[in-house]
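In full-length UniProt numbering, the protein residues as written are 1 to 441.
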């Protein structure tokens with residue numbers, strides 16, 4: 001549900017060749033970044049340092065849509081400068097400008113109302129009228145490494161650290177659950193007359209034209225007053241107007257599941273747009289030091305918002321992305337189930353203590369998330385629908401209508417598409433899909 005993981009790299013020629021879609025942003029001089037950093041230290045942080053000779057860029061990371069520079073001054077003061085790909089043509093305008101303003105507003109709102117470790121935003125500029133001649137966000141440095149780099153370390157205590165990380169994240173997610181909004185959309189900066197209140201504006205998303213994937217932009221849609229209207233907007237043309245037999249079958253399966261999504265109260269909560277391992281920073285002991293990458297953050301229905309599982313413990317429900325047992329950097333389905341159970345118990349303990357029963361949403365949030373991915377990402381639609389069919393048929397009692405059929409998931413999809421699946425197995429499949437989505441009492 002978010003951007004691709006960033007890859008850390010130095011600023012050598014090979015890395016820049018691999019990221020040529022960033023255009024002129026690759027050519028910004030180090031001295032210009034350091035001049036910007038020095039200005040921020042002096043004007044905003046009120047810090048003076050003795051020698052500019054010890055000022056340097058200590059790391060440079062390329063994400064899918066940003067270049068992140070980490071600056072160090074006097075051997076101790078660090079600043080992160082995040083430059084969005086949308087700034088390669090100059091100042092941000094229209095939707096792209098709104099999106100970066102929304103990201104800053106979201107981060108500041110969460111920092112002001114929770115104890116979640118989000119980087120402090122020092123300043124931002126949507127124009128190119130500055131030291132680096134490009135839009136940027138300047139924020140505090142978060143120490144540590146991302147969870148993706150330590151999750152599969154085989155040294156002693158790895159299991160304890162994994163559970164410790166999940167427990168902390170459950171606590172942070174419950175804090176997000178207390179920040180409630182009346183619509184699905186993104187937080188916008190307050191107008192001068194509104195004091196500190198945030199308003200809800202449109203949702204934002206990256207757009208890459210198929211004919212020119214390097215021409216990255218930002219699109220907007222919404223806001224939405226109901227979950228149903230937002231979800232219907234998210235349905236890809238593959239599902240809305242299927243052109244092939246697998247698309248027809250998947251459309252029928254997803255339509256059968258749609259009415260059984262949780263009916264939650266008319267409020268919406270924030271969540272990380274990409275709640276995955278590369279965006280959770282931890283120290284050597286498994287203490288979470290920061291949650292990063294809030295591009296295009298928005299409010300969501302609770303079951304896809306604060307109550308959902310971290311993305312790396314739901315990978316078995318997105319078959320296109322899940323490479324177990326062929327990769328040694330994947331957990332088995334049994335391990336992932338165990339981690340989800342731990343996270344659910346943590347959410348239940350925290351929420352039940354406040355009198356809330358919203359923890360019920362967490363238990364099957366990986367299924368609700370898989371449903372959302374299936375309707376919104378056409379490459380994932382068929383593999384996820386196959387997974388749904390497999391899980392439903394596997395859970396049916398003995399003597400079910402599929403027992404006498406030499407069924408295979410793709411064959412079931414084709415039978416549905418051609419109208420050749422008999423009434424009894426189709427009814428059992430629909431009932432199974434409903435049970436798959438049903439919340440525990």
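No residue lacks a Cβ here, since even glycine has one placed at the ideal position from N, Cα and C. Keep in mind it's a predicted model, so treat the numbers as computed, not measured.
Taking all protein chains in view, the Cβ of residue 119 is crowded by 16 or more other Cβ atoms within 10 Å, so the residue is classified as buried.
Residue 418 has its alpha-carbon roughly 11 Å from the corresponding atom of residue 244. Residue 166 holds the alpha-carbon nearest to the alpha-carbon of residue 288 among 166, 175, 85. Measuring C-alpha to C-alpha distances from residue 261 to each of 129, 368, 208 identifies 368 as the nearest. By the Cβ-count criterion, residue 279 is buried, with 16 or more other Cβ atoms from all chains shown falling within 10 Å of its own Cβ. In summary, residue 143 is exposed, with fewer than 16 beta-carbon neighbours lying within 10 Å of its beta-carbon over all protein chains present. Distance from the CA of residue 355 to the CA of residue 171, rounded to the nearest whole angstrom, comes to 15 Å.
In the three-state scheme derived from DSSP, where H, G and I count as helix and E and B as strand, residue 323 is classed as coil. For residue 133, no beta strand (DSSP E) encloses it, and the DSSP letter there is neither H nor E. Between the region 287-304 and the region 134-152, the count of C-beta pairs closer than 8 Å reaches three or more; the two stretches touch.
Here residue 416 is buried, its C-beta having at least 16 other C-beta atoms within 10 Å. Comparing alpha carbon positions, the residue from 184, 281, 216, 277 closest to residue 233 is 184. Of the residues assessed, residue 302 falls on the buried side of the cut-off, its CB having 16 or more other CB atoms within 10 angstroms. For the pair residue 236 and residue 381, the CB atoms are nearer than the 9 Å cut-off.
Look at residue 140 here: in three-state DSSP terms it is strand. In its chain, beyond the 5 residues on either side, 336, 339, 340 have a beta carbon closer than 6 Å to the beta carbon of residue 313. Residue 435 counts as exposed, since fewer than 16 other C-beta atoms from the protein chains shown sit within 10 angstroms of its C-beta.
Here DSSP, grouped into helix, strand and coil, assigns residue 64 to coil. Excluding sequence positions up to five before and after residue 379, its CB lies within less than 8 Å of the CB of 320, all in the same chain and listed in chain order. In the DSSP assignment, residue 426 falls within the unbroken alpha helix (DSSP H) covering 423-437.
By DSSP's assignment, residue 206 forms a beta bridge with 218. One Cα belongs to residue 387, the other to residue 253, and the distance between them is close to 11 Å. In the DSSP secondary-structure assignment, residue 30 is not bridged to any residue.
In this structure, the straight-line span from the alpha carbon of residue 187 to that of residue 201 is close to 6 Å.
Going by DSSP, residue 84 is part of no alpha helix (DSSP H) but of the beta strand (DSSP E) stretching over 77-84.
Classified as exposed, residue 58 has fewer than 16 neighbouring CB atoms from the shown chains inside 10 Å of its CB. Here DSSP, grouped into helix, strand and coil, assigns residue 101 to helix. Within the region 275-349, the runs of beta strand (DSSP E) that reach at least 3 residues and sit entirely inside it are, in chain order, 280-282, 288-291.
Setting aside the 5 residues that flank it on each side, residue 88 is surrounded in the same chain by 22, 23, 24, 25, each with a C-beta closer than 7 Å to its C-beta; the list follows chain order. From the listed residues 147, 45, 276, 228, the smallest Cα separation to residue 258 is found for 228. Per DSSP, the beta-bridge partners of residue 72 are 56, 78.
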